[in-house]
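The structure under discussion appears below in the form of structure tokens.
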Amino acid sequence: MKKTITLDVNGVAETAEVEVGQTLLRFLRDGLDLTGTKEGCNEGECGSCMVLLDGRPVNSCLVLAVEADGRSVTTVEGLSREGVLHPLQKAFLSQAAVQCGFCTPGMVVSAAALLRENPEPTEDDVKKALAGNLCRCTGYKQIVDAVRDAAAAMRAGAVAGGEAGKPAEREEVPA
Amino acid sequence: MTDLLYWLQGPVPETEPPTAEMPPWGETKVVGKPVPRVDAYERVSGSAVYPLDFALPDMLHAAILRSPHAHARVKAIDTSAAEKMPGVRAILTAFSPGADVPWYRSRGRFYSKLFDERVRHEGDEVAAVAAETRAQAFDALKAIRVEYEEFAFVLDPRESLAPDAPLVHDGGNRYGEPARYERGDLAAGFAAADAVVEATYSTACEIHAPMEVHGSVAKWDGNRLTIWDSTQGVFVVQQMVAGALKLPLANVRVIGHYMGGGFGSKLEAGKYTVIAALLAKTTARPVKLFLTREEVFLNAGNRPANTMKVKIGAKKDGALTAIEFSSIGSGGAYPNGADTSFLATDLYTCPNVAAVDENVAINAGRARAMRAPGFPQGAWALEQAMDELALKLGMDPVALRLANVPKVSQRRGNLPYTSTGLAECLRDGAKAFGWETTRAAKKDDGPIRKGYGVAAGMWGYGGGPPARVVVKLFADGSVNVNAGAADIGTGTKTVMAQTVAEELGVPLEKIRIEHADTGTTQYSGPSGGSKTVPSDMPAARAAAVEVRTKLLAGAAEELKVPAAELKLEGADVVSTKDPAKKLAVTEVPALQRNQVIVGVGTRGPNVEGKVISMFAAHFAEVEVNVRTGEVSVTKLVAAQDSARVMNRLTFECQVQGGLVMGLGLGRTEERVLDRQTGKMVNANWHDYKIPTALDVPVAQEVLSAELVDTECNTAGAKGVGEPATIPTAAAIANAVRDAVGLRVHDSPITPPKLAALLAAAGKKG
Ligand code: FES
Ligand code: FES
Numbered sequence: 001m002k003k004t005i006t007l008d009v010n011g012v013a014e015t016a017e018v019e020v021g022q023t024l025l026r027f028l029r030d031g032l033d034l035t036g037t038k039e040g041c042n043e044g045e046c047g048s049c050m051v052l053l054d055g056r057p058v059n060s061c062l063v064l065a066v067e068a069d070g071r072s073v074t075t076v077e078g079l080s081r082e083g084v085l086h087p088l089q090k091a092f093l094s095q096a097a098v099q100c101g102f103c104t105p106g107m108v109v110s111a112a113a114l115l116r117e118n119p120e121p122t123e124d125d126v127k128k129a130l131a132g133n134l135c136r137c138t139g140y141k142q143i144v145d146a147v148r149d150a151a152a153a154m155r156a157g158a159v160a161g162g163e164a165g166k167p168a169e170r171e172e173v174p175a
Numbered sequence: 176m177t178d179l180l181y182w183l184q185g186p187v188p189e190t191e192p193p194t195a196e197m198p199p200w201g202e203t204k205v206v207g208k209p210v211p212r213v214d215a216y217e218r219v220s221g222s223a224v225y226p227l228d229f230a231l232p233d234m235l236h237a238a239i240l241r242s243p244h245a246h247a248r249v250k251a252i253d254t255s256a257a258e259k260m261p262g263v264r265a266i267l268t269a270f271s272p273g274a275d276v277p278w279y280r281s282r283g284r285f286y287s288k289l290f291d292e293r294v295r296h297e298g299d300e301v302a303a304v305a306a307e308t309r310a311q312a313f314d315a316l317k318a319i320r321v322e323y324e325e326f327a328f329v330l331d332p333r334e335s336l337a338p339d340a341p342l343v344h345d346g347g348n349r350y351g352e353p354a355r356y357e358r359g360d361l362a363a364g365f366a367a368a369d370a371v372v373e374a375t376y377s378t379a380c381e382i383h384a385p386m387e388v389h390g391s392v393a394k395w396d397g398n399r400l401t402i403w404d405s406t407q408g409v410f411v412v413q414q415m416v417a418g419a420l421k422l423p424l425a426n427v428r429v430i431g432h433y434m435g436g437g438f439g440s441k442l443e444a445g446k447y448t449v450i451a452a453l454l455a456k457t458t459a460r461p462v463k464l465f466l467t468r469e470e471v472f473l474n475a476g477n478r479p480a481n482t483m484k485v486k487i488g489a490k491k492d493g494a495l496t497a498i499e500f501s502s503i504g505s506g507g508a509y510p511n512g513a514d515t516s517f518l519a520t521d522l523y524t525c526p527n528v529a530a531v532d533e534n535v536a537i538n539a540g541r542a543r544a545m546r547a548p549g550f551p552q553g554a555w556a557l558e559q560a561m562d563e564l565a566l567k568l569g570m571d572p573v574a575l576r577l578a579n580v581p582k583v584s585q586r587r588g589n590l591p592y593t594s595t596g597l598a599e600c601l602r603d604g605a606k607a608f609g610w611e612t613t614r615a616a617k618k619d620d621g622p623i624r625k626g627y628g629v630a631a632g633m634w635g636y637g638g639g640p641p642a643r644v645v646v647k648l649f650a651d652g653s654v655n656v657n658a659g660a661a662d663i664g665t666g667t668k669t670v671m672a673q674t675v676a677e678e679l680g681v682p683l684e685k686i687r688i689e690h691a692d693t694g695t696t697q698y699s700g701p702s703g704g705s706k707t708v709p710s711d712m713p714a715a716r717a718a719a720v721e722v723r724t725k726l727l728a729g730a731a732e733e734l735k736v737p738a739a740e741l742k743l744e745g746a747d748v749v750s751t752k753d754p755a756k757k758l759a760v761t762e763v764p765a766l767q768r769n770q771v772i773v774g775v776g777t778r779g780p781n782v783e784g785k786v787i788s789m790f791a792a793h794f795a796e797v798e799v800n801v802r803t804g805e806v807s808v809t810k811l812v813a814a815q816d817s818a819r820v821m822n823r824l825t826f827e828c829q830v831q832g833g834l835v836m837g838l839g840l841g842r843t844e845e846r847v848l849d850r851q852t853g854k855m856v857n858a859n860w861h862d863y864k865i866p867t868a869l870d871v872p873v874a875q876e877v878l879s880a881e882l883v884d885t886e887c888n889t890a891g892a893k894g895v896g897e898p899a900t901i902p903t904a905a906a907i908a909n910a911v912r913d914a915v916g917l918r919v920h921d922s923p924i925t926p927p928k929l930a931a932l933l934a935a936a937g938k939k940g
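Heads up: the protein sequence lines correspond to chains Y and Z, in order.
Note that the first sequence covers residues 1 to 175 in this note's numbering.
Note that the second sequence covers residues 176 to 940 in this note's numbering.
Here you go:
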């Protein structure tokens with residue numbers, strides 16, 4: 001059985017006919033070719049499929065596409081704007097918080113959700129927020145450091161009104 | 176030794192030594208600097224296309240039917256209902272044309288087939304379906320009727336050789352004769368000892384569990400096959416697929432640009448690759464076949480479980496007199512390495528040593544090389560035994576190890592090492608960790624007990640040929656580097672760009688790497704065994720040096736000075752005698768005439784009469800809750816000897832990752848097989864626990880001994896991936912022993928296991 005859904009994906013209005021059993025993950029990857037969102041397990045265990053649904057982090061392999069009808073979705077592709085990386089992505093890049101990179105999109109999305117709620121997270125806050133995102137390569141240390149660095153950069157940017165902290169970059173995600 | 180792990184069969188391929196003189200680098204400008212990855216943008220932005228992301232127009236999706244039984248015979252398969260299912264385009268079984276492909280080769284014999292009528296573990300391949308969608312393919316699998324005749328099975332390697340054990344393979348459950356090693360006189364060595372310790376240790380079976388599942392996309396153009404594969408080595412996949420399908424190597428192109436981790440489990444072609452190719456041939460359409468996460472747990476490799484008996488004797492001053500080591504492990508239902516004795520025979524000076532490795536068959540998924548295959552297991556046993564010995568001798572565990580640091584590789588003909596940093600690792604690590612002060616200040620009260628442990632390790636493979644890299648300098652001064660190696664996340668592309676930039680002075684932004692494509696890039700071994708840096712970087716350096724030599728010769732003609740007088744400075748060629756004599760690189764006539772200058776670099780054999788090895792010492796601090804048996808690892812320090820660090824960022828990231836993988840071995844990871852059914856009961860990430868961000872110690876420090884090694888290769892770097900994970904689990908186990916006075920001999924150290932031991936010893940708080 002199919003159903004037509006309309007949703008906002010990274011600021012673009014999308015209308016599509018989907019199988020009612022199709023997951024949001026599959027719709028994003030196969031239907032919209034947004035392959036930045038990864039599939040690591042398809043059973044809600046690894047976080048590599050993490051996207052923001054109305055601003056909240058969800059494992060998109062556990063959400064049906066039809067559940068996203070009328071809502072807004074942000075994927076890793078939606079974090080950067082015209083080739084300019086989100087401060088989190090910049091920090092992941094400069095901190096070498098990436099090895100194979102397969103977990104990275106999910107990590108960055110989870111971290112973006114955290115920083116929206118908590119612009120000044122402690123190390124523990126970051127670890128808790130990322131506990132659902134598995135990484136087999138990095139050992140997490142650089143990832144946690146990168147998230148805290150990005151948070152600091154965003155706070156500094158917000159105070160100075162600079163590029164990194166531009167509210168727009170966080171406002172993409174409606175509350 | 177470990178060469179054999181990375182080559183399918185026959186001798187290791189060679190490449191001729193480079194002709195150019197390449198003196199060791201002195202002060203470097205780019206190499207060694209903490210530069211971000213050259214492909215980091217793609218990786219963090221989500222724009223990197225991994226094989227799992229790859230799609231072709233008109234592509235079909237495939238899925239594999241696997242045996243639900245640990246040991247059975249396929250009596251009959253009925254695919255008639257499945258064939259009529261919506262979207263189904265092809266079904267493959269043992270009886271399909273072209274599917275009679277022998278598989279799992281070892282010692283000149285094949286142990287199975289693509290679809291064998293005898294299935295030897297849960298997850299063995301039985302049939303495959305290609306359909307319009309993935310869901311249709313999985314639905315069709317359910318409609319295939321298979322009749323099995325079930326057999327008795329054996330799951331524990333220690334039971335595999337019992338006289339009444341079920342036979343996994345006709346002819347017996349031994350994969351070859353036990354491998355024996357001996358030197359000196361063991362009995363005399365133990366007789367001379369002042370203290371002897373003896374115990375049995377075991378490690379649980381671990382699963383590689385890379386984040387990207389294994390799989391391939393296959394597409395035919397006439398009799399040419401192209402495969403996009405999540406792999407550590409495109410040329411290995413090419414060789415195996417060409418062999419299986421009886422195709423010329425030149426007709427098989429394997430592409431593996433990005434890949435989501437492998438840790439040794441992607442050093443070979445999977446059956447899935449050949450199945451995808453066969454289904455694509457049958458349907459004349461591209462086919463994508465990726466495993467599910469559960470299939471990866473069942474059938475894409477593991478670090479085998481090992482049981483190891485260690486006996487060590489030493490004099491009062493700590494000098495080792497004898498080591499006896501025996502190990503039994505299992506390659507699984509099909510042969511793969513399960514030996515663990517290397518460390519016991521080579522890490523410490525000891526005149527009298529005997530070791531035996533037994534590798535047997537069981538009815539469980541086949542092992543594949545997993546990050547330092549055999550070494551973390553060997554370290555778990557040997558380094559805990561060393562800890563016991565230190566206790567018995569009343570010696571500091573660091574001092575005991577320092578008393579036995581070897582100058583030569585006793586296992587390998589008493590040859591000296593090109594460099595050996597074991598002592599430095601132990602000393603520097605102890606200092607950074609605060610070994611003496613924290614241990615002295617230790618208090619033993621309350622339910623939370625602190626403990627401190629150390630363990631050492633080494634990795635005995637320093638890379639080597641074959642390696643060939645081509646560097647092209649274009650007329651605008653940009654550079655293309657062409658190499659066959661996969662970048663499995665370690666930073667191969669980045670370090671290679673740094674190597675080339677070092678010699679050519681070109682900024683990293685102007686360097687592009689073409690890699691991991693059998694059709695367009697140079698032949699290379701797979702990326703594994705910590706050998707990519709020591710194997711491929713010397714070749715990259717040689718190629719860049721050749722380009723520079725040609726460029727300077729061209730400039731010399733124009734400037735009318737001898738080439739020997741010229742050097743590269745930024746974007747210019749400048750005379751060292753008269754700075755006024757200079758020419759922009761892009762204006763060198765030879766470059767303009769040909770539009771390109773090409774350099775071909777190769778990697779010659781390793782230095783004769785010496786041995787290349789990497790060393791490490793890891794230190795752990797733990798807190799044990801004696802009420803619950805919970806262990807929290809609060810601090811880890813890794814001191815590594817890899818000689819030159821090519822890039823501090825990627826180096827550190829690898830070591831951090833190695834530590835945390837070692838943490839998994841020590842604390843949480845264990846494949847659990849059900850003795851009633853023979854099935855794996857934790858084939859998912861919920862029940863099979865790999866460490867998460869919450870398990871990582873707050874304090875984690877990485878040190879590098881950074882010895883100058885001018886002999887290991889022309890990059891002066893020894894590699895780091897494997898040694899970074901070898902001693903970690905043993906260091907944690909030793910810290911637990913220090914905390915509670917009890918030793919957990921069997922990995923992982925789980926709360927129930929430790930709580931039971933504490934209760935039995937009356938130590939529960
Ligand atoms: S793919 Fe969704 S949690 Fe793993
Ligand atoms: S970087 Fe490879 S899984 Fe995280």
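Beta carbons are placed, not taken as given, at the ideal position from N, Cα and C, and that holds for glycine.
On a predicted model such as this, the values are computed, not experimentally measured, just so you know.
- Residues of the region 119-137 of chain Y whose Cβ lies closer than 9 Å to any Cβ of chain Z, in chain order: 123, 124, 126, 127, 128, 129, 130, 131, 132, 133, 134, 135, 136 and 137.
- The set of residues with a C-beta under 6 Å from any non-hydrogen atom of ligand 1 comprises Y:39, Y:40, Y:41, Y:42, Y:44, Y:45, Y:46, Y:47, Y:48, Y:49, Y:59 and Y:61, given in chain order.
- Scanning Y:66, Y:31, Y:77 and Y:119 for the CA closest to the CA of residue 50 (chain Y) turns up Y:77.
- Legend: CB atoms of the region 364-398 of chain Z lying less than 7 Å from CB atoms of chain Y belong to residues 384, 385, 386 and 387.
- Taking a beta-carbon distance threshold of 7 Å, residue 74 (chain Y) does not count as an interface residue toward chain Z.
- Under DSSP, residue 57 (chain Y) takes part in a beta bridge, and its partners are Y:52.
- In chain Y, no part has a C-beta under 7 Å from the C-beta of residue 878 (chain Z); the shortest such distance is about 14 Å.
- Taking 7 Å as the CB threshold, residue 40 (chain Y) lines the interface with chain Z.
- Per DSSP, the unbroken alpha helix (DSSP H) holding residue 566 (chain Z) starts and ends at 550-568.
- Not a single C-beta of chain Z is nearer than 7 Å to the C-beta of residue 2 (chain Y).
- Apart from sequence neighbours up to five positions away, the residues of its chain that approach residue 628 (chain Z) with a beta-carbon distance below 6 Å are 795, 906, 909, 910 and 913, ordered along the chain.
- Excluding its 5 nearest sequence neighbours in each direction, residue 785 (chain Z) has C-beta neighbours in its own chain below 8 Å: 590, 591, 592, 593 and 886, listed in chain order.
- Residue 801 (chain Z) is a Cβ neighbour of residue 624 (chain Z), given a cutoff of 7 Å.
- Counting of Cβ neighbours within 10 angstroms places residue 899 (chain Z) among the buried residues, the total reaching 16 or more.
- Pairwise C-beta distances place the region 748-763 of chain Z out of contact with the region 813-823 of chain Z, as fewer than three of them are shorter than 8 Å.
- Per the DSSP secondary-structure output, residue 592 (chain Z) pairs in a beta bridge with Z:786.
- Per DSSP, residue 830 (chain Z) is one residue of the alpha helix (DSSP H) stretching across 823-842.
- For residue 831 (chain Z), the shortest C-beta to heavy atom distance toward ligand 2 is 6 Å or greater.
- Look at residue 386 (chain Z): its beta carbon is less than 6 Å from one of the heavy atoms in ligand 2.
- In chain order, 600, 601, 604, 631 and 814 place their CB closer than 6 Å to the CB of residue 792 (chain Z), counting only its own chain and leaving out the 5 sequence neighbours on each side.
- Shown here, residue 750 (chain Z) sits in a strand according to DSSP, grouped into three states.
- Scanning Z:377, Z:459 and Z:357 for the CA closest to the CA of residue 396 (chain Z) turns up Z:459.
- Listed by position along chain Z, the residues whose Cβ is nearer than 8 Å to that of residue 36 (chain Y) are 220, 221 and 222.
- Collapsing the DSSP output to three states places residue 769 (chain Z) in a helix.
- For residue 136 (chain Y), the shortest separation between its Cβ and any heavy atom of ligand 2 lies below 6 Å.
- Spanning the alpha carbons of residue 896 (chain Z) and residue 318 (chain Z) requires a straight line of approximately 44 Å.
- If the five residues before and after residue 926 (chain Z) are omitted, its C-beta is found closer than 7 Å to the C-beta atoms of 803, 804 and 805, all from its own chain and listed in chain order.
- Pairing residue 760 (chain Z) with residue 150 (chain Y), the inter-Cα distance amounts to about 39 Å.
- Between the region 419-434 of chain Z and the region 704-713 of chain Z there are fewer than three C-beta pairs closer than 8 Å, too few to call the two in contact.
- Contact of residue 139 (chain Y) with chain Z is assigned, a C-beta pair being separated by under 7 Å.
- Residue 439 (chain Z) sits close to residue 544 (chain Z), with the two beta carbons spaced by under 7 Å.
- Close partners of residue 467 (chain Z) in chain Y (Cβ separation under 8 Å): 42.
- The three-state reading of DSSP puts residue 812 (chain Z) in strand, counting E and B together.
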